[in-house]
Amino acid sequence: MSDIIRRDPRAEWIARNRLHPLHAAMQKSDTRWMGPNGLIRKNPHALAAGFVGPSGLKRIDRSGAEQGGGQKRSAPETAVRLPLHLVEQPSHLVAVVPDMVGGRLGSHDRDVFGLARQLAGATGAVLAVVFGQLREDAFDTAGADRLLILEGDAYDGYCPEQRLLALRAVESGFAPRHWLLPDSRSGGGELGRRLAASLGERPATRVWQMRDGFCSSRAGAGREDLVQPTPRLVLASAECAEPVSDTRHEARQVELPAPVISHLPRMEDLGAVAVDPSQIPLAEAEFILSGGNGITDWNLFHRAAAILGATEGASRVAVDDGHMPRARQVGATGTWVTARVYLAVGISGAIQHLQGIGACEKVIAVNLDPGCDMLKRADLAVVGDSAAILQALIERVAAHRQGGRRDAA
Amino acid sequence: MTDLHVVALVSVGAHPTSGRPRRAEQDARAVELGLRLAGEQLQVVHAGDVADEALRAYLGMGLPRLTVLEQPPRADALPALVEHLANSPAQLVLTGSQAETGEGSGMLPYLLAERLGWPLVVGLADIESVENGQALVLQALPRGQRRRLRVRLPFLASVDNGAPAARQSAFGPARRGQLQAQESAPAVDPLLSVATLQPARLRPKRLKVVSAGSAAERMRAATRKATGGGGQTLEGVSPQAAAEAIFNVLLDEGVLR
Ligand SMILES: Cc1cc2nc3c(=O)[nH]c(=O)nc-3n(C[C@H](O)[C@H](O)[C@H](O)COP(=O)(O)OP(=O)(O)OC[C@H]3O[C@@H](n4cnc5c(N)ncnc54)[C@H](O)[C@@H]3O)c2cc1C
Ligand SMILES: Nc1ncnc2c1ncn2[C@@H]1O[C@H](COP(=O)(O)O)[C@@H](O)[C@H]1O
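Chains as they are written, first to last, in the numbering used here: chain B, 1 to 409; chain U, 1001 to 1257.
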């Protein structure tokens, strides 16, 4: 990167355009500087809101000559600090209860926050209500003006009744104008409906669009839309709105005015149950071990799947050759899988197969051919013989399990 | 478990593409679970029109009779069902999680539980045992996982697609079974006076918006190969070393239990 000072016309333009979302970030922070012909210039906005110039007139220089262009443009642009949206005295509150799967905000949660920002407008505030341990610090960019954290042992595990009591306390303490929850299977759909039944509010469910005070929700089996004036309680689908992207919010912590009462749960959580991975539908499985034409020993493959605790999948060739049942085929004409980890052994990576694993997060591939497409798609590619590597993997996992047992003992 | 009094609530379904009336998928699963628990003692209740032919599909699953609380079309099923259940010895009520016709908000089980003052289990996958007025149930979670809960009787449970698949409906029993109509006070649904039902509009696909600062970055993001792994490659290593690398990734991702 050379040290030549360059003008950045776009930054100058943004600095002049007060309606641009990045306007505030492009303002110079220094208030006095030497102008081009030796005069000391001042930034009246930065000095004081009501600055009066020497001639008694309020002076604003809109030429942009001293704004934006000053900084030297360097190649790795530092992350822009988004302008802060402050709501001191909110005219109303919009409460959002995100799912927080794994303690983090998911994309569905962010979409719901985007919708909440629309409902809050310029004068309202979005109140995020979250349960339990936080592993997330991005509430400011997600669009939360206020943050209420409900912590305690009572909210551990599955406890919809206790959470409902807490939400009722939020209702009486803050009286939000709207309640927004994600209509998801991972908690929001259930909690929202419980809240609706308990408050006696009729919610709009599966809402996918909100416009001009009306919201559209999918009805029935998805062949009809129900359009109604936006009610107080909204359960929104994924992609119901664009997530907040051009402002930063305060996420100021607030407290409940009164403590949450708790009572004996009528449902007792006895914990997760070990499921046989071969019973999990392929489309839902979290971890898939998939075999193709490169598998020479299918008994070894099944043993590996059993010890890894993986759901079995297969390429079409493996299915056509009769090594695996049809229901286990992954790909365009089989099942489109959503596994978090996909371990492909002896699969060449034909496009019909790759289509089916488009949604997988981590792909690990084992193949003899270093040039095949599966290895190119993989996050971890291993060139080698399937049988030898599966055997070694079985031994490694067995040693790990043994070690774990010895440690526990 | 033989003397357990089980009720399944069913609605009329609609085929997702043709819209033809049929048994609702999830409600049929509720009936299936009820049949496994109570056999022929299972009570099946619908609030609606007794002349609806689609109801016979439930009878075809091996039910001798089905109770219909008569309601005009588009009425609110809740008051009739509350009254019926409050006056019955029911200990366990099974429903689907979402109806396939009408609003399909999935609120009915929640409102019913609220009115009756019973606990509600959502996403029921199986009932393991019922003893001493307590039931051990399995709840279906996303990604095929299961959770075990202990609930007191009486309770309500809604099933979704995690419950066992419904048996086929046979023609003979469907003809032979009886639809028994019962009078009930009609209830109007206030929603339909403010809301309109219209054919579903296609949802706009969200474009992948790249909010990168510079044009060059946006261009790079737009032209990047979608399947560009950019991962690590191991070549010419021993099987043990390869297995170690794979094992470490699996451990990092937390999929090894
Ligand atoms: C209309 C249509 C639809 C299709 N739909 C699907 C679909 O849904 N799903 C699907 O999977 N396919 C589908 N296919 C088939 C697809 O095109 C490929 O033929 C198929 O995916 C190839 O399977 P494979 O990778 O197991 O076999 P191959 O292409 O034969 O690949 C075997 C791989 O194993 C490697 N190998 C060999 N020996 C070893 C060893 N000892 N150790 C390690 N690696 C080894 C080889 O290097 C090779 O890369 C479809 C095809 C068509 C025409
Ligand atoms: N008219 C009805 N009669 C009996 N049960 C019903 C009726 N409507 C809905 N249900 C039950 O309530 C569940 C949820 O319905 P809904 O709240 O309308 O989506 C359905 O799956 C049925 O089990």
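Here a beta-carbon is modelled for each residue, glycine too, at the ideal position from N, C-alpha and C.
Considering U/SER1097, what are the terminal residues of the alpha helix (DSSP H) in which it resides? Locating residue 1097 of chain U in the second sequence gives position 97, where the first residue counts as 1. Counting along the chain, U/SER1097 falls outside any alpha helix (DSSP H), and DSSP gives it neither H nor E.
Please return the same chain residues whose Cβ sits closer than 6 Å to the Cβ of B/ARG218, not counting the five positions on each side in sequence. Against the first sequence, residue 218 of chain B aligns to sequence position 218. Counting only Cβ-Cβ distances below 6 Å, and skipping sequence neighbours, we find ARG206.
Kindly indicate which three-state DSSP category U/HIS1005 falls into: helix, strand or coil? Taking the second sequence and counting its residues from 1, one reaches residue 1005 of chain U at position 5. Correct three-state label for U/HIS1005: coil.
U/ARG1203 versus chain B: which residues are under 7 Å apart at the beta carbon? Position 203 of the second sequence holds residue 1203 of chain U. Ordered by position in chain B, the residues that pass the 7 Å Cβ test against U/ARG1203 are TRP208.
Can you give me the C-alpha to C-alpha distance between U/ASN1161 and U/GLY1106, rounded to a whole angstrom? By one-based count along the second sequence, residue 1161 of chain U stands at place 161. By one-based count along the second sequence, residue 1106 of chain U stands at place 106. Each residue's Cα considered, the two are about 14 Å apart.
Below 8 Å between beta carbons: does that hold for B/MET324 and B/ALA339? Residue numbering aside, residue 324 of chain B sits at position 324 when the first sequence is read from its first letter. Residue numbering aside, residue 339 of chain B sits at position 339 when the first sequence is read from its first letter. No, these two residues do not count as a Cβ contact at 8 Å.
Any C-beta of chain B under 8 Å from that of U/ARG1260: Absent from the model: residue 1260 of chain U. The displayed extent of chain U is 1001 to 1257, so no value can be given.
DSSP state of U/PRO1173, grouped into three classes? Here residue 1173 of chain U is taken as the residue at index 173 of the second sequence, counted from 1. Helix at U/PRO1173.
Report the residue from B/ASN43, B/SER290, B/TYR342 and B/ARG194 whose alpha carbon sits nearest the alpha carbon of U/VAL1249. By 1-based counting over the second sequence, the position of residue 1249 of chain U is 249. Checking every option, the nearest Cα to that of U/VAL1249 belongs to B/TYR342.
Check distances from the C-beta atoms of the segment 1239-1255 of chain U to those of chain B and list, in chain order, the residues that come in under 7 Å. PRO1239, GLN1240, ALA1242, ALA1243, GLU1244, ALA1245, ILE1246, PHE1247, VAL1249, LEU1250, GLU1253 and VAL1255
At the 8 Å Cβ level, is U/GLN1026 part of the contact set with chain B, yes or no? Within the second sequence, the letter at position 26 stands for residue 1026 of chain U. So no, U/GLN1026 is outside the interface.
Of all residues in the structure, which have a C-beta closer than 5 Å to any heavy atom of ligand 2, taken in chain order? U/LEU1009, U/SER1011, U/ASP1027, U/HIS1046, U/ALA1047, U/GLY1048, U/ALA1077, U/THR1095, U/GLY1096, U/GLN1098, U/ALA1099, U/GLY1104, U/GLY1106, U/MET1107 and U/LEU1108
Taking 8 Å as the threshold (beta carbon to beta carbon), is U/VAL1044 in contact with chain B? By one-based count along the second sequence, residue 1044 of chain U stands at place 44. No, no contact with chain B.
For a quick check, are the C-beta atoms of U/ARG1029 and U/PRO1142 less than 8 Å apart? Position 29 of the second sequence, counting from 1, holds the residue named residue 1029 of chain U. Position 142 of the second sequence, counting from 1, holds the residue named residue 1142 of chain U. No.
Of the residues that make up the segment 163-192 of chain B, which ones have a beta carbon closer than 8 Å to any beta carbon in chain U? ARG185, SER186, GLY189 and GLU190
Alpha carbon to alpha carbon, how far is U/PRO1204 from B/SER216? Give it in angstroms, no decimals. Counted from its first residue, the first sequence places residue 216 of chain B at position 216. Counted from its first residue, the second sequence places residue 1204 of chain U at position 204. C-alpha separation (whole angstroms): 13 Å.
With which residues is B/TRP179 paired in a DSSP beta bridge? As a working mapping, residue 179 of chain B is identified with position 179 in the first sequence. In the DSSP output, where bridge partners are listed per residue, B/TRP179 has B/ALA95 and B/LEU233.
Where does B/ILE261 land, buried or exposed, given buried means 16+ other C-beta within 10 angstroms? If you number the first sequence from 1, residue 261 of chain B lands on position 261. Answer is exposed; the Cβ neighbour count stays below 16.
Touching or not, the segment 104-118 of chain B and the segment 239-258 of chain B, by the rule of three or more beta carbon pairs under 8 Å? yes
Go ahead and label U/THR1196 buried or exposed: buried means 16 or more other beta carbons lie within 10 angstroms of its beta carbon, across all protein chains shown. Locating residue 1196 of chain U in the second sequence gives position 196, where the first residue counts as 1. Flag for U/THR1196 reads exposed.
Best match in B/ASN293, B/THR333, B/ALA304 and B/ASP156 for proximity to B/GLY102 [C-alpha to C-alpha]: By one-based count along the first sequence, residue 102 of chain B stands at place 102. Comparing Cα-Cα distances from B/GLY102 to each of B/ASN293, B/THR333, B/ALA304 and B/ASP156, the minimum goes to B/ASP156.
C-alpha gap between B/TRP336 and U/GLN1134, whole angstroms: Here residue 336 of chain B refers to the residue found at position 336 of the first sequence. Here residue 1134 of chain U refers to the residue found at position 134 of the second sequence. Their Cα atoms are separated by approximately 40 Å.
Those residues, in chain order, that have a beta-carbon closer than 5 Å to some heavy atom of ligand 1: B/GLY292, B/ASN293, B/GLY294, B/SER315, B/ARG316, B/VAL317, B/GLY331, B/ALA332, B/THR333, B/GLY334, B/GLY346, B/ILE347, B/SER348, B/ALA350, B/GLN352, B/HIS353, B/ASN367, B/LEU368, B/ASP369, B/CYS372, B/ASP385 and B/SER386
Checking 8 Å against the spacing of the C-beta atoms, do U/GLN1091 and U/HIS1005 come in under that value? As a working mapping, residue 1091 of chain U is identified with position 91 in the second sequence. As a working mapping, residue 1005 of chain U is identified with position 5 in the second sequence. Yes, they are a contact pair.
Kindly indicate if chain U contains any beta-carbon less than 8 Å away from that of B/PHE287. Walking along the first sequence from the start, residue 287 of chain B turns up at place 287. For B/PHE287, the answer is yes, since a Cβ of chain U falls inside 8 Å of its Cβ.
Over what stretch of residues does the beta strand (DSSP E) that includes B/THR311 continue unbroken? By one-based count along the first sequence, residue 311 of chain B stands at place 311. Segment 311-314, the beta strand (DSSP E) holding B/THR311.
Can you list, in chain order, the residues of the segment 1101-1119 of chain U whose Cβ is nearer than 8 Å to any Cβ on chain B? THR1101, GLY1102, GLU1103, GLY1104, SER1105, GLY1106, MET1107, TYR1110, LEU1111, ALA1113, GLU1114 and PRO1119
Can you list the residues of chain U that B/THR296 reaches, using a CB-CB cut of under 9 Å? In the first sequence, the residue the question calls residue 296 of chain B occupies position 296. Neighbours of B/THR296 on chain U: none; closest Cβ ~14 Å, over 9 Å.
CA-to-CA distance, B/ALA251 to B/LEU414, given in whole angstroms: The structure shown has nothing for residue 414 of chain B, since chain B only spans 1 to 409.
Name the chain B residues whose beta carbon is nearer than 7 Å to that of U/TYR1235? Within the second sequence, residue 1235 of chain U is the residue found at index 235, counting from 1. Residue identity check: residue 1235 of chain U is Glu in the sequence provided, not Tyr. Chain B residues near U/GLU1235: PRO370 and VAL383.
Applying the 10 Å Cβ sphere with the 16-neighbour rule, what's the burial state of U/TRP1118? For this step, residue 1118 of chain U is matched to residue 118 along the second sequence. The residue in question, U/TRP1118, is buried, as its Cβ has 16 or more Cβ neighbours within 10 Å.
Counting contacts by CB-CB distance shorter than 8 Å, is U/ARG1259 in contact with chain B? One cannot answer for residue 1259 of chain U here, as it falls past the ends of chain U, which runs 1001 to 1257.
Could you tell me whether the segment 388-397 of chain B touches the segment 1236-1255 of chain U, using the rule of 3 or more Cβ pairs below 8 Å? yes
If you follow the alpha helix (DSSP H) that B/LYS376 is part of, which residue opens it and which one closes it? In the first sequence, residue 376 of chain B corresponds to position 376, counting from 1. It spans 373-377 - the alpha helix (DSSP H) in which B/LYS376 sits, taken as one unbroken run.
What residue from B/GLN355, B/SER386 and B/LEU226 has the CA that sits closest to B/ASP297's CA? Counting from one through the first sequence, the residue named residue 297 of chain B turns up at place 297. Nearest option by C-alpha distance: B/SER386.
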